[in-house]
Amino acid sequence: MTRRLIGVLAIITTLLLSGCGNDYGVDQYGQKVAAERLDKQWLVLNYWAEWCGPCRTEIPELNALAEQLKGQGVGVFGVNFDNVQGAELKEASEKLGIKFTVLAQNPDGIFDIPRSEALPVTYIIDDKGKVREQLMGEQTAEGVLAKLKALKG
Numbered sequence: 002m003t004r005r006l007i008g009v010l011a012i013i014t015t016l017l018l019s020g021c022g023n024d025y026g027v028d029q030y031g032q033k034v035a036a037e038r039l040d041k042q043w044l045v046l047n048y049w050a051e052w053c054g055p056c057r058t059e060i061p062e063l064n065a066l067a068e069q070l071k072g073q074g075v076g077v078f079g080v081n082f083d084n085v086q087g088a089e090l091k092e093a094s095e096k097l098g099i100k101f102t103v104l105a106q107n108p109d110g111i112f113d114i115p116r117s118e119a120l121p122v123t124y125i126i127d128d129k130g131k132v133r134e135q136l137m138g139e140q141t142a143e144g145v146l147a148k149l150k151a152l153k154g
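Dropping the structure here:
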């Protein structure tokens, strides 16, 4: 009886603690971005703005990259450089045709990302949360894949 009670308590404790991760706010649709979507996996984090011409050209490449990387332990995420929120963020994301998740809250403090004054800028973050590469300017899916492969080595 005591063993059974200890086992049940262990399961309950595990379930309660599993919800204690560092969530990442909401996405462009107002949906919660759970910690398990970003933690312990590689990230391609792209900063974009509606007024940025190269960003507009780069978005289809990042959409293709996100599709290619599904199920491979690498997530593609965006952050609006101008920190637009709510309906304005959703509108801007849809206008640019962004299909990957856009984080409403900038995770720069979590990942120790330096603020760039130039756009577009893309960061590759490893599965331990360390920024491994800063890619300035317009990127291609092929180029980011090659960089990921080299870094994961």
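Numbering (the numbering used here), first residue to last: 2 to 154. Yeah, the Cβ is synthetic: ideal placement off N, Cα and C, and Gly gets one too. Keep in mind the model is a prediction, meaning the values are calculated, not measured.
Problem - Closest by C-alpha distance to residue 107, when choosing among 99, 47, 145 - result: It is 47.
Practice task
Give the DSSP-derived three-state secondary structure of residue 30 in the structure shown.
Solution key: In this structure, residue 30 counts as coil in the three-state DSSP scheme.
Practice task
Could you give the DSSP three-state label for residue 64: helix, strand or coil?
Solution key: Here residue 64 sits in helix by DSSP.
Practice task
Identify every residue that forms a DSSP beta bridge with residue 125.
Solution key: Note: residue 125 sits in a beta bridge opposite 45, 134.
Problem - Buried versus exposed call for residue 44 [16 or more other C-beta atoms within 10 Å across all chains shown] - result: Classification for residue 44: buried.
Problem - Residues near residue 41 by beta carbon distance below 6 angstroms, same chain, minus five either side - result: Counting only Cβ-Cβ distances below 6 angstroms, and skipping sequence neighbours, we find 128.
Exercise for the section: Going by CA-CA distance only, name the one from 133, 137, 89 that's closest to residue 121. Expected result: The shortest C-alpha separation from residue 121 is found at 137.
Exercise for the section: Using the Cα positions of residue 126 and residue 114, report the straight-line distance between them to the nearest angstrom. Expected result: Those two C-alpha atoms are separated by around 10 angstroms.
Exercise for the section: Note down the Cα distance separating residue 102 from residue 79, rounded to an integer number of angstroms. Expected result: Distance between the alpha carbons of residue 102 and residue 79 is about 6 angstroms.
Exercise for the section: With a threshold of 16 other CB atoms inside 10 Å of the CB of residue 58, please say whether the residue is buried or exposed. Expected result: So residue 58 counts as exposed.
Handout entry: Own chain partners of residue 67 with C-beta closer than 6 angstroms, once the 5 adjacent residues on each side are dropped
Key = Excluding sequence positions up to five before and after residue 67, its CB lies within less than 6 angstroms of the CB of 77, 101, all in the same chain and listed in chain order.
Problem - residue 61 vs residue 139 beta-carbon contact at 8 angstroms - result: In this structure, residue 61 sits away from residue 139, with a CB-CB distance that is not shorter than 8 angstroms.
Handout entry: Reduced DSSP secondary structure (H/G/I, E/B, other) of residue 120
Key = It is coil, neither helix nor strand.
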